[in-house]
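The opening position of the sequence shown corresponds to residue 677 in the working numbering, with each subsequent residue numbered one higher.
Heads up, the beta-carbon is just placed ideally off N, CA and C, and yes, glycines get one too.
Just below is one structure, and these are the notes that go with it.
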Amino acid sequence: DPAVDFTAGEKVDVVLTTGVKSALNIPPAARIFWSFTVHTAAADTFYPAVSVGATSSGAYMLQTADLDADGDIDLAVVCNGDNTVSVIKNNGSGTFASKVAYAAGGSPYSMTLADVDGDGDKDMLFTIAATNVVAVMKNNGDGTFAAKTEYTTAASPLNVTTGDIDNDGDLDLVVPTSGGSVFSVLKNNGNGTFSSKADYLYGSSNNITLADVDGDLDLDVILPSSGFGVNIAFNNGSGVFTSVSYIYFGDYTTKTRWTDAADIDDDGDIDIVAANYGDFNPSEERTVTVLKNNGNGTFAAGVFYGVGANPSSIQLADTDGDGDRDIAVTNLGSSSISILKNNGTGTFGARRDYPSGQYPYSIQSADLDNDGDIDLLSANYGSDDLSVFINTTYAALPVELTSFTAAPRGSGIELRWSTATEVNNHGFEVERRAIHNGQLKTDDWSKAGFVEGNGTSNTSNDYSFSDRNILTGKYSYRLKQIDRDGKFEYSPEVEVTITAVPARFELAQNFPNPFNPETTLHVALPVAGHITLSVYDLLGREVAVLMNEWMEAGMHAVRFNGAGLASGLYLARLSDGNAVHLRKMQLMK
């Protein structure tokens, strides 16, 4: 609608078809396509989440659009706990009216908002997994919706995405499913009704992203894969998908749940970012993968960045108003969202985490309060609500960090940092990870210790932390600054290398202690020699031999597993033939 202004961060697609002619009655030689994003204001700090009630059971998938044509962004959410889709209208300032719920049928799973009938308003489309259909509810023009019309898909539809895949000027449907490893395509008849499905055997998936990855002016299909990567199905120009390319991430623990696509490095082609939820402990921190396009629909090797536990969805948006796309991701396992800022070249800084409602499943970005910057929202399956994160340039950071250094001290590392001011500062967790062969693993941070903060302070404060008995090697450290209300953010990283030989022969106290069933002992050797390290019970019986070998000088870590032993006190005994060191260890089961 030419009379309606674009909103901040809105993606706008412009198509010049061969039916358009110049003043000399000459059409273009081929269809021309432009895509751009509306400018956003500079802002990079999010207020703590505000809860917006969505349903009594199961806020799952979230979408945003101006549904009632009043110039602000409204919300729509799938609630598969009570089998409804709800519309929540914006009051104009980023606060919201009570929901209006529409019966959806059995097991609605996902939704999108799009103008499928070409009348200038956004219609609502959602999948119903129990009956293998996608439902279309047309907007009456005022943010209320007509009765649904259902169209059959392949078994167990998981999501629905719209795009003009056949270049005929209307929006078609692409539906990923979990049944039979297919996705379904339903082409628009030009009036918001759809033809029968065509299925493509290119893998099952939680979501689908449509983007022109190979630069041939049609929309290709990007599917996250549970097989450790993504599939790309290439469009032949008429909405038929004739070939597929599989991109393997090279990590068997990496299973991909969600993707988004945009030109993140400003080189004129479409790149891909994927959220990886892993395959083992859902509470472990995981990663996102950045795939940069080589310019022809092939991609450079993926670069991994750490996020929270069990990331479930991803959104590329300019959250700080600097003209490039940042990464926002929901962390289902840690009940938070992570934001990774783009450095302008498609590389990303350390994440910032913001607590959300319980089990956030999906994320969206939009200017909710009409101030020109991008706000964020998550739909929280566990707490049955939405979390709204309002962006601002004015909210002061809780702690202003002025310096952070790390240096070797004997067999350990000394960290020092200073703050200029502090607000509500609970303290700092010190986190460490090793750098192996010059390569960082982005998901193996461990807690080295905690230093209490000074609460609220308008004067500078100096802090230090000693990380003792560190093995020889190179390490990266960061600070996790935690507010008293639970909000936290990470400092920049510092690197340090330990090369010094220990000054004395020593057995450090095991950690953790007490333990169950594993613990680690550190042995300091000033010179090479034959070493024995054994574990004894209080009756003097040897229950384990951990070392009995020649060892080089340096720091050595030894794991002890007491799974087969009874709870109680044990002695670790270290000997080099000249001196003996003992440490008490407590196994508690």
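Ignore the nearest five residues each way along the sequence and tell me which others in residue i's own chain have a CB closer than 8 Å to its CB.
i: residue 855; result: 808, 830, 831, 832 and 880
i: residue 759; result: 779, 780, 781, 782, 783 and 784
i: residue 761; result: 752, 753, 754, 755, 777, 778, 780, 784, 787, 800, 802 and 813
i: residue 806; result: 781, 782 and 783
Leaving out the 5 sequence neighbours to the left and right, which residues in its chain are closer than 7 Å to residue i when beta-carbon positions are compared?
i: residue 900; result: 881, 882, 883, 906, 932, 933, 934, 935 and 950
i: residue 1354; result: Here the chain has residues from 677 to 1265 only, and residue 1354 is not among them.
i: residue 1148; result: 1174, 1175, 1230 and 1231
i: residue 842; result: 848, 863, 914 and 915
i: residue 1223; result: 1207, 1208, 1209 and 1234
Using a Cβ-Cβ cut-off of 6 Å (strictly less than) and excluding sequence neighbours within five positions of residue i, which residues of its own chain qualify?
i: residue 1075; result: 1095, 1098, 1101 and 1157
i: residue 776; result: 763
i: residue 1038; result: 737, 738, 989 and 1055
i: residue 1082; result: 1089, 1091, 1153, 1170 and 1172
i: residue 918; result: 912
i: residue 886; result: 837, 839 and 895
Under three-state DSSP, which class holds residue i?
i: residue 861; result: strand
i: residue 1137; result: strand
i: residue 829; result: coil
i: residue 1105; result: strand
i: residue 738; result: strand
i: residue 1072; result: Caution is warranted here: a pLDDT of 45 is assigned to residue 1072, below 50, making its placement in the model unreliable, and no coordinate value can be reported.
i: residue 1037; result: strand
i: residue 1121; result: coil
i: residue 956; result: Caution is warranted here: a pLDDT of 48 is assigned to residue 956, below 50, making its placement in the model unreliable, and no coordinate value can be reported.
i: residue 729; result: strand
i: residue 1001; result: coil
i: residue 798; result: coil
i: residue 1236; result: strand
i: residue 1154; result: strand
i: residue 971; result: coil
i: residue 1223; result: strand
i: residue 1114; result: Caution applies to residue 1114, whose pLDDT of 49 falls short of 50 and renders its modelled position unreliable; the model cannot decide the point.
i: residue 869; result: coil
Under a Cβ-count criterion, where at least 16 other Cβ atoms within 10 Å of its own Cβ denotes burial, should residue i be classed as buried or exposed?
i: residue 1264; result: exposed
i: residue 1232; result: buried
i: residue 1067; result: buried
i: residue 1187; result: exposed
i: residue 1217; result: exposed
i: residue 698; result: exposed
i: residue 1246; result: buried
i: residue 1014; result: buried
i: residue 696; result: exposed
i: residue 1070; result: Low confidence applies to residue 1070: its pLDDT is 45, below 50, so where it sits in the model is not reliable enough to give any reading.
i: residue 1089; result: buried
i: residue 1078; result: exposed
i: residue 858; result: buried
Check the C-beta distance from residue i over to residue j and give it rounded, since I have them as a contact under 8 Å.
i: residue 966; j: residue 1025; result: With a Cβ gap of about 13 Å, residue 966 and residue 1025 do not count as contacting.
i: residue 1162; j: residue 1126; result: Going by Cβ atoms, the distance from residue 1162 to residue 1126 rounds to 15 Å, so no, they are not a contact pair.
i: residue 961; j: residue 982; result: 6 Å
i: residue 923; j: residue 994; result: Between residue 994 and residue 923 the Cβ distance is about 25 Å, and since that is not below 8 Å, they are no contact.
i: residue 1194; j: residue 1164; result: Going by Cβ atoms, the distance from residue 1194 to residue 1164 rounds to 27 Å, so no, they are not a contact pair.
i: residue 786; j: residue 836; result: 6 Å
i: residue 810; j: residue 1064; result: With 8 Å as the limit, residue 810 and residue 1064 do not qualify as a contact, their Cβ atoms being about 28 Å apart.
i: residue 1209; j: residue 1177; result: About 19 Å; that fails the 8 Å criterion.
i: residue 631; j: residue 850; result: Absent from the structure is residue 631, since the part of the chain shown begins at 677 and ends at 1265.
i: residue 947; j: residue 1000; result: 11 Å between Cβ atoms; not a contact.
Exercise. Count the CB pairs spanning the stretch 1188–1200 and the stretch 1096–1112 that are closer than 8 Å, and state whether there are at least three.
Key: No, the stretch 1188–1200 does not touch the stretch 1096–1112.
Self-check item: the stretch 1048–1055 contacting the stretch 997–1014, beta-carbon criterion three pairs below 8 Å
Solution: yes
Quiz item: Are the stretch 1168–1181 and the stretch 1034–1052 touching, with three or more C-beta to C-beta distances below 8 Å?
Solution: no
Quiz prompt | Touch test, the stretch 990–1000 against the stretch 969–982, Cβ-Cβ under 8 Å, three pairs minimum | solution = no
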